[in-house]
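Worksheet: one structure, shown below.
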Amino acid sequence: KLCEGILNVLEKDTKTSCQVACLEALRILSRDKKVLVPVTTKRNMQILMRLAKLDTGEDPLERVSEFPVIVEALKCLCNVIFNSAVAQKLSLELNLAAMLCNLLEKCNDQQFVDDIKCFDLRLLFLLSLLHTDIRSQLRQELQGVQVLTQALESSLSVRWTEEYKAAEDRDRPPLSLQETDCAIEALKALFNVTLDSWNVHSKNESHQFRYMAAILRHCLLTKGPTEDKTEELH
Numbered sequence: 024k025l026c027e028g029i030l031n032v033l034e035k036d037t038k039t040s041c042q043v044a045c046l047e048a049l050r051i052l053s054r055d056k057k058v059l060v061p062v063t064t065k066r067n068m069q070i071l072m073r074l075a076k077l078d079t080g081e082d083p084l085e086r087v088s089e090f091p092v093i094v095e096a097l098k099c100l101c102n103v104i105f106n107s108a109v110a111q112k113l114s115l116e117l118n119l120a121a122m123l124c125n126l127l128e129k130c131n132d133q134q135f136v137d138d139i140k141c142f143d144l145r146l147l148f149l150l151s152l153l154h155t156d157i158r159s160q161l162r163q164e165l166q167g168v169q170v171l172t173q174a175l176e177s178s179l180s181v182r183w184t185e186e187y188k189a190a191e192d193r194d195r196p197p198l199s200l201q202e203t204d205c206a207i208e209a210l211k212a213l214f215n216v217t218l219d220s221w222n223v224h225s226k227n228e229s230h231q232f233r234y235m236a237a238i239l240r241h242c243l244l245t246k247g248p249t250e251d252k253t254e255e256l257h
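To convert, note that position 218 of the sequence shown is 241 in the working numbering; the numbers rise steadily by one, no gaps.
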């Protein structure tokens with residue numbers, strides 16, 4: 024009942040501070056599988072997707088004041104999908120992966136969206152891990168390898184000297200914690216999406232994998248903010 028009450032409030036146009044507080048409470052509650060039954064309906068998933076700006080088409084992310092709401096809604100979706108097989112099935116029906124790819128492309132073009140980007144990537148990782156049909160959809164329909172590789176390239180701030188050769192700057196500062204976390208989530212999602220890609224058929228796929236290999240090499244030469252984070256990144 025508490026989850027239902029929170030979602031009823033979130034369905035209305037309430038103040039940003041109220042939305043964030045409700046989402047934070049729902050995120051904590053959604054760690055418990057027993058309370059997830061009322062959350063995992065099509066209506067409630069759509070409420071969270073709307074708050075995460077996953078239904079806005081091509082509209083850019085313009086209102087910085089809304090960013091905390093987007094981040095908390097994405098965190099809630101991560102918990103709900105991780106803990107509920109029903110939510111995983113609804114994700115395919117609601118075309119969640121396509122909406123996440125669309126939001127991710129918007130993040131690649133904007134500043135101050137690292138948290139949004141990180142939890143978008145984490146949700147793509149979870150979907151590609153837990154639902155084989157979504158993994159196939161990402162690879163075949165949504166150009167997931169390209170989208171995720173571009174997200175990784177953006178997180179690592181790769182500069183190119185040749186088509187498949189990234190610039191090596193030994194004196195560059197370490198990545199920030201947010202940049203490192205985004206890169207790690209992109210790598211995890213890429214692993215899932217490319218898991219069955221041992222047989223490359225087309226010139227475009229060949230280009231994409233050579234491009235990704237160059238970025239992965241650059242990643243191995245990149246340092247995170249701490250030794251532990253660098254080890255996790257590598």
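Each residue gets a CB set at the ideal place from its N, CA and C atoms; glycine is no exception.
Residue i to residue j span [Cα, whole Å]
i	j	result
residue 27	residue 49	10 Å
residue 184	residue 130	25 Å
residue 72	residue 207	24 Å
residue 112	residue 136	28 Å
residue 86	residue 46	18 Å
residue 239	residue 35	44 Å
residue 78	residue 254	36 Å
residue 192	residue 241	10 Å
residue 217	residue 162	7 Å
Residues near residue i in its chain [Cβ-Cβ closer than 6 Å; skip 5 each side]
i	result
residue 107	59 and 63
residue 187	233 and 237
Top-ranked residue by Cα proximity to residue i, from the options
i	options	result
residue 65	93, 30, 125 and 201	30
residue 182	92, 86, 245 and 69	245
residue 144	160, 174, 53 and 233	174
residue 40	85, 73, 89 and 169	89
residue 213	169, 128 and 226	169
Residues near residue i in its chain [Cβ-Cβ closer than 8 Å; skip 5 each side]
i	result
residue 114	68, 104, 120, 150, 154 and 157
heavy atom of the ligand ATP below 7 Å from residue i C-beta
i	result
residue 181	Looking at this structure, you won't find the ligand ATP or any other ligand, since it has none at all.
Secondary structure of residue i, DSSP reduced to three states
i	result
residue 208	helix
residue 63	coil
residue 24	coil
residue 56	helix
residue 37	coil
residue 75	coil
is_contact[residue i, chain B] using C-beta, thresh 8 Å
i	result
residue 236	Looking for chain B here will not work: only one protein chain is present.
Start-end ranges of the alpha helix (DSSP H) lying completely within the stretch 114-160, minimum 4 residues: Within the stretch 114-160, the complete alpha helix (DSSP H) runs of at least 4 residues are 119-131 and 137-153.
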